Each structure stands twice: as structure tokens, then as C-alpha cells.
Amino acid sequence: MRHVILGAGPAGVVAAETLRGLDADASISIIGDEPEPPYSRMAIPYLLSGRIEERGTHLRKRGDYFAGRGIEVVRARAEKVDAKAKRVHLSGGKSKTADYDKLLVATGARPLTPPIPGIDHARVSSCWTLEDARKILAGIKNGAPVVLIGAGFIGCIILESLVAAGAKLTIIEMGERMVPRMLDQTCGELLQKWCEQKGVRVLTGAQVAAIEDAGKSGVSVQIKDGPAIPAELVISATGVRANAGFLEGAVKLQDGAVLADERLASSDPDIFAAGDVACGKDFSSGEYSVQAIQPTAVEHARIAAHNMRQSGAVRHRGAVPMNVLDTIGLISSSYGLWRGVDGGDSGALLDAPGFRYICLRFAEDRLVGANTLGLTQHIGVIRGLIQGRFALGKWKQRLVENPLQLMEAYLAVTQA
Ligand SMILES: Cc1cc2nc3c(=O)[nH]c(=O)nc-3n(C[C@H](O)[C@H](O)[C@H](O)COP(=O)(O)OP(=O)(O)OC[C@H]3O[C@@H](n4cnc5c(N)ncnc54)[C@H](O)[C@@H]3O)c2cc1C
Numbered sequence: 019m020r021h022v023i024l025g026a027g028p029a030g031v032v033a034a035e036t037l038r039g040l041d042a043d044a045s046i047s048i049i050g051d052e053p054e055p056p057y058s059r060m061a062i063p064y065l066l067s068g069r070i071e072e073r074g075t076h077l078r079k080r081g082d083y084f085a086g087r088g089i090e091v092v093r094a095r096a097e098k099v100d101a102k103a104k105r106v107h108l109s110g111g112k113s114k115t116a117d118y119d120k121l122l123v124a125t126g127a128r129p130l131t132p133p134i135p136g137i138d139h140a141r142v143s144s145c146w147t148l149e150d151a152r153k154i155l156a157g158i159k160n161g162a163p164v165v166l167i168g169a170g171f172i173g174c175i176i177l178e179s180l181v182a183a184g185a186k187l188t189i190i191e192m193g194e195r196m197v198p199r200m201l202d203q204t205c206g207e208l209l210q211k212w213c214e215q216k217g218v219r220v221l222t223g224a225q226v227a228a229i230e231d232a233g234k235s236g237v238s239v240q241i242k243d244g245p246a247i248p249a250e251l252v253i254s255a256t257g258v259r260a261n262a263g264f265l266e267g268a269v270k271l272q273d274g275a276v277l278a279d280e281r282l283a284s285s286d287p288d289i290f291a292a293g294d295v296a297c298g299k300d301f302s303s304g305e306y307s308v309q310a311i312q313p314t315a316v317e318h319a320r321i322a323a324h325n326m327r328q329s330g331a332v333r334h335r336g337a338v339p340m341n342v343l344d345t346i347g348l349i350s351s352s353y354g355l356w357r358g359v360d361g362g363d364s365g366a367l368l369d370a371p372g373f374r375y376i377c378l379r380f381a382e383d384r385l386v387g388a389n390t391l392g393l394t395q396h397i398g399v400i401r402g403l404i405q406g407r408f409a410l411g412k413w414k415q416r417l418v419e420n421p422l423q424l425m426e427a428y429l430a431v432t433q434a
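Letter by letter, the sequence shown follows residues 19 to 434 of the numbering used here.
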């Protein structure tokens with residue numbers, strides 16, 4: 019059996035390892051287009067803040083790790099998949115093609131380039147790859163003005179590292195609050211206040227009109243109907259898009275990603291997808307969407323690998339959307355249907371001066387979503403209650419009145 023895996027990120031690596039564990043004799047190749055050993059993007063913030071060196075980002079530390087397991091790692095780029103011939107067309111490597119029996123697409127996503135004049139200036143970078151991280155590290159000096167475009171999940175993850183690296187940071191966010199696709203209004207506004215108290219300038223509801231060259235001092239970031247902000251470095255974090263274009267015509271795509279069923283199979287039964295490139299099942303909504311986080315990538319990869327080996331044996335219940343952010347020491351989180359559901363109740367508690375907030379969302383008497391800020395002790399309980407779909411009975415009203423009784427509720431309903 020020839021297993022070909024496209025993409026050498028966490029999804030690709032975990033799938034290869036799982037396949038090897040299931041089949042000692044199969045031929046397994048990982049084909050990735052980056053000039054690095056397989057690494058984790060999640061570790062980049064730690065690299066930026068100096069807490070680890072580059073090697074610390076590598077997914078497996080030993081140089082002979084993959085060869086020792088009979089897993090071939092090839093550097094090349096997949097350009098096209100001929101599903102009929104079961105062949106991948108490649109560029110940039112020694113071989114021009116790779117033939118497969120089962121194919122896993124684990125090519126992740128890439129940052130979007132916003133249509134801003136000057137966005138291609140040498141002082142502008144994304145923060146997505148190790149190459150980007152090197153460029154940012156070279157460009158950040160203590161006290162240097164840095165502009166971050168976008169206060170979404172990735173923007174907020176790197177924010178702390180930029181501050182730790184000594185940047186004098188301004189954040190420009192188009193939405194009305196920080197992390198608008200993860201945090202509700204109260205939470206987003208508290209997070210903004212927290213950042214401002216830590217010396218970060220945050221402009222929400224603001225749009226970058228242009229980035230202009232300012233000679234030796236860097237660039238000038240022009241805000242629409244607003245000021246011009248000088249910057250030695252600009253980091254663009256305005257969203258990502260799945261790397262699935264090369265599959266056009268081979269499998270069904272949804273929202274630009276590979277539509278992957280409960281087995282993580284695409285519309286072609288021999289082509290599977292995992293991670294940021296996959297439009298997989300959402301546990302909370304039952305719908306199919308991209309959940310661009312590493313735990314989902316790894317979960318997808320394990321299930322896809324089992325089904326590549328043994329068609330259809332393992333099914334995915336769907337990933338619980340869950341994001342946890344550490345923003346200069348303040349932890350915020352979102353779970354499941356954090357915006358709530360039609361006709362559902364909610365229970366919230368706010369301590370604004372203490373930067374503490376929790377909002378629980380219910381559908382009938384089940385917990386279906388939550389936002390928290392400054393409270394970390396309930397993370398496991400919230401996830402457990404959502405994933406277990408426990409009927410809370412009388413505990414639902416108690417939680418509406420006091421959301422901090424989560425642990426008591428959990429013990430009562432799970433030990434009933
Ligand atoms: C700075 C940063 C911080 C993050 N922090 C967190 C966090 O704290 N928690 C969390 O859960 N998630 C985090 N993420 C997101 C997480 O890194 C991704 O969800 C995860 O990397 C997805 O893994 P993947 O294997 O699907 O894709 P990737 O890691 O993107 O790997 C895909 C690989 O495939 C390659 N590829 C693309 N196209 C082709 C092609 N045509 N041919 C061959 N190879 C190709 C890519 O270059 C890449 O090497 C972070 C991301 C970034 C950028």
C-alpha cells in the first residue's frame with residue numbers, strides 16, 4: 019500500500035506516524051514544500067519571545083526520526099492531483115510525480131494578503147512560517163514602533179511575543195472589538211482595556227488605507243480617515259485561506275477547503291483531508307467548517323490515517339471549537355456555540371475592574387458554549403460539559419444565576 023501525505027505540518031506528521039503504527043510494511047511519504055524539518059507554527063510565538071530556539075519548533079527533534087521509522091520526507095510542492103490516475107504532479111523536487119493508493123491532503127492554510135497599497139513593502143511580513151519569524155526577529159529592536167494589522171486569534175497570539183521582544187506596538191483592527199470571531203462584546207472590550215493598560219495602542223473599527231515608504235526609518239501606515247503611524251515593521255494577520263487550490267476538479271471544495279466527511283474522506287474515497295485544509299465536522303453545530311487549530315489537525319490526522327488503512331472504520335464526532343488565548347498574561351477563551359442559540363438562556367458574571375468575566379450559553383438544559391476572561395479554573399469542566407452533552411436539570415438555573423458553580427454542577431451531573 020502506498021500512502022502519500024501532502025504537507026509536513028502537525029497533521030501530516032501525526033498521520034504518517036499513525037499509519038506506521040498500523041502497518042509496518044506500507045510505503046509512507048510526506049511531501050512538504052517548506053525548506054525546514056517538519057515544525058509547529060504554534061511554537062513560533064515562543065521563538066519570537068526568545069523562550070525557545072528554532073529547534074524547539076521542530077515537531078520531532080532527532081534528525082533520523084523519520085528515516086528510522088521508514089517514513090520518507092520529500093521536499094516538493096504538489097501542483098495538481100490526477101484522481102483518475104492516482105497521481106500527484108510535483109514541482110521543486112527531484113521527482114515530477116508521486117503515485118498513491120491513498121492520499122492525505124494536509125497542506126494547511128496560508129495567510130491572506132489584504133488589498134492594501136504598499137502591503138508588499140519589505141518591512142511588511144506575515145507571521146505564519148519560520149521564515150516569517152526570522153524576518154520579524156531581524157526587524158524588531160527594543161522600543162521600535164511595530165504595527166500589527168488584525169487583532170484576530172493569530173494576531174492576539176503573537177501580540178504577547180511582540181511586546182516581550184520590546185516592540186512599541188500599535189494594533190489596527192477592522193472589527194468593533196478585539197478577536198471578534200472568538201470573544202463577545204464584553205470580553206473583547208475588556209481585552210482591549212487590558213492591552214491598553216499594558217502600553218499597547220489598540221485602534222478598533224479602523225482600516226489601513228495604505229503603507230507608504232518612509233525611507234530609512236521604515237514605513238508610514240496610513241489609517242482611513244485617521245492618523246499616519248510610523249513603523250519599523252508591519253505584521254499582517256488578517257486571516258487565512260486553505261491551501262486547496264491545487265485540488266480543484268479532483269475533490270469537492272467548500273469555502274475553499276476540502277470537504278471532509280466523518281471519516282475525513284473527501285468526495286474521492288481514496289483522498290482524505292486533515293487539519294487547516296479540511297472543512298470537517300463541527301461537534302457543536304453539526305455543520306462543516308474549517309477549525310484552524312492544532313488539536314483539531316491532530317485529531318483529524320489520526321482518524322484519517324485509520325480510515326486510509328481500513329476504509330471507513332473510524333468516525334469523527336466532530337471537533338469542539340475551542341480557543342484559549344494568553345494576551346500579556348490575561349487568559350481568554352471561547353468554546354462551542356459561544357454566541358448562544360436562538361431561544362437559549364445564558365448566565366454571565368462580570369468583574370470589570372478585576373478583568374474577570376464568564377458567560378455560559380445554554381440550549382434547553384445543556385451547556386453549548388461559553389466565553390471566559392481572567393478565569394482559568396473552569397476550562398476542563400466547560401469542555402467536559404459541552405462534549406458530554408449532559409442534561410443539567412436544576413443545575414442549569416443555578417448556573418444562570420451563578421456561572422462560577424460549574425464544578426459543583428459538573429460533579430452533580432456526571433456522578434448522578
Ligand atoms: C503564529 C501561530 C500561532 C499559532 N498558535 C496556535 C495555538 O496556540 N493553538 C492552536 O491550536 N493553534 C495555533 N496555531 C494554528 C496551528 O498552527 C495550525 O492549526 C496547525 O499548524 C495546522 O496544522 P496543519 O498540519 O493542518 O497545517 P500546517 O501546519 O500549515 O502544515 C501544512 C504544511 O503543508 C505545506 N504545503 C502547503 N501547500 C503545499 C503543497 N501544495 N505541496 C506541499 N506542501 C504544501 C505548508 O507549507 C506546511 O508546511 C497557530 C498558528 C500560527 C501561525
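Using N, Cα and C, we set each Cβ at its ideal position, and we do this for glycine too.
Since we're looking at a predicted model, the values are computed, not measured.
Suppose the cutoff is 8 Å on Cβ atoms and the five residues either side in sequence are ignored; what does the same chain contact list for residue i look like?
{"i": "Lys153", "result": "Ser143"}
{"i": "Val218", "result": "Leu177, Val181, Leu187, Thr188, Ile189 and Ile346"}
{"i": "Asp100", "result": "Val106, His107 and Ala268"}
{"i": "Gly111", "result": "Ile49, Val92, Arg93, Ala94 and Arg95"}
Would residue i and residue j be called neighbours here (beta carbons separated by less than 8 Å)?
{"i": "Lys120", "j": "Phe290", "result": "yes"}
{"i": "Gly293", "j": "His318", "result": "yes"}
{"i": "Gly365", "j": "Leu417", "result": "yes"}
{"i": "Arg379", "j": "Trp356", "result": "yes"}
{"i": "Gly25", "j": "Thr125", "result": "yes"}
{"i": "Val164", "j": "Ala249", "result": "yes"}
{"i": "Ile89", "j": "Ile49", "result": "no"}
{"i": "Pro339", "j": "Asp300", "result": "yes"}
{"i": "Val31", "j": "Arg78", "result": "yes"}
{"i": "Gln312", "j": "Met60", "result": "yes"}
{"i": "Gly398", "j": "Ala381", "result": "no"}
{"i": "Arg281", "j": "Val332", "result": "yes"}
{"i": "Leu403", "j": "Tyr428", "result": "yes"}
Using a Cβ-Cβ cut-off of 7 Å (strictly less than) and excluding sequence neighbours within five positions of residue i, which residues of its own chain qualify?
{"i": "Met200", "result": "Phe171, Asn341 and Ser352"}
{"i": "Leu393", "result": "Arg374 and Ile376"}
{"i": "Asp231", "result": "His139 and Val237"}
Could you tell me which residues DSSP puts in a beta bridge with residue i?
{"i": "Gln240", "result": "Ala228 and Ala246"}
{"i": "Thr12", "result": "Examination of residue 12 is not possible in this model, given that the chain is present from 19 through 434 alone."}
{"i": "Glu191", "result": "Thr222"}
{"i": "Phe290", "result": "Leu122 and Ala283"}
{"i": "Tyr10", "result": "A question about residue 10 goes unanswered here, because the residues of the chain that appear run from 19 up to 434."}
{"i": "Thr432", "result": "DSSP lists no partner for Thr432."}
{"i": "Gly398", "result": "Paired residues: none, contrary to the question."}
{"i": "Val332", "result": "According to DSSP, which records beta bridges pairwise, Val332 is partnered with nothing at all."}
{"i": "Pro132", "result": "DSSP lists no partner for Pro132."}
{"i": "Lys299", "result": "Tyr306"}
Within 7 Å: the Cβ of residue i and any heavy atom of ligand 1?
{"i": "Glu90", "result": "no"}
{"i": "Pro53", "result": "no"}
{"i": "Met196", "result": "no"}
{"i": "Val308", "result": "no"}
{"i": "Cys145", "result": "yes"}
{"i": "Ala278", "result": "no"}
{"i": "Asp294", "result": "yes"}
{"i": "Met60", "result": "yes"}
{"i": "Gly27", "result": "yes"}
{"i": "Arg141", "result": "no"}
{"i": "Ala366", "result": "no"}
{"i": "Phe9", "result": "Residue 9 is absent from the model: the chain starts at 19 and stops at 434."}
{"i": "Gly126", "result": "yes"}
{"i": "Leu24", "result": "yes"}
{"i": "Pro63", "result": "yes"}
{"i": "Pro339", "result": "no"}
{"i": "Asn261", "result": "yes"}
{"i": "Ala96", "result": "yes"}
Report all residues from its chain with a CB closer than 6 Å to the CB of residue i; omit the five preceding and five following residues, and keep chain order.
{"i": "Leu367", "result": "Ile376 and Pro421"}
{"i": "Cys213", "result": "Val220"}
{"i": "Met19", "result": "Ala44 and Asp119"}
{"i": "Gln405", "result": "Val338"}
{"i": "Glu54", "result": "Leu148"}
{"i": "Phe408", "result": "Val431"}
{"i": "Asp288", "result": "Lys120"}
CB of residue i to nearest heavy atom of ligand 2: below 7 Å?
{"i": "Ala323", "result": "Judged by which ligands are present, ligand 2 is missing from the structure shown, whose ligands are ligand 1."}
Does the region 208-222 touch the region 370-378, meaning 3 or more C-beta pairs lie closer than 8 Å? yes
Can you confirm whether the region 267-285 touches the region 182-201 when touching is taken to mean that 3 or more C-beta pairs between the two stretches lie within less than 8 Å? no
For the region 251-265 and the region 125-138, state whether three or more C-beta atom pairs, one from each stretch, are separated by less than 8 Å. yes
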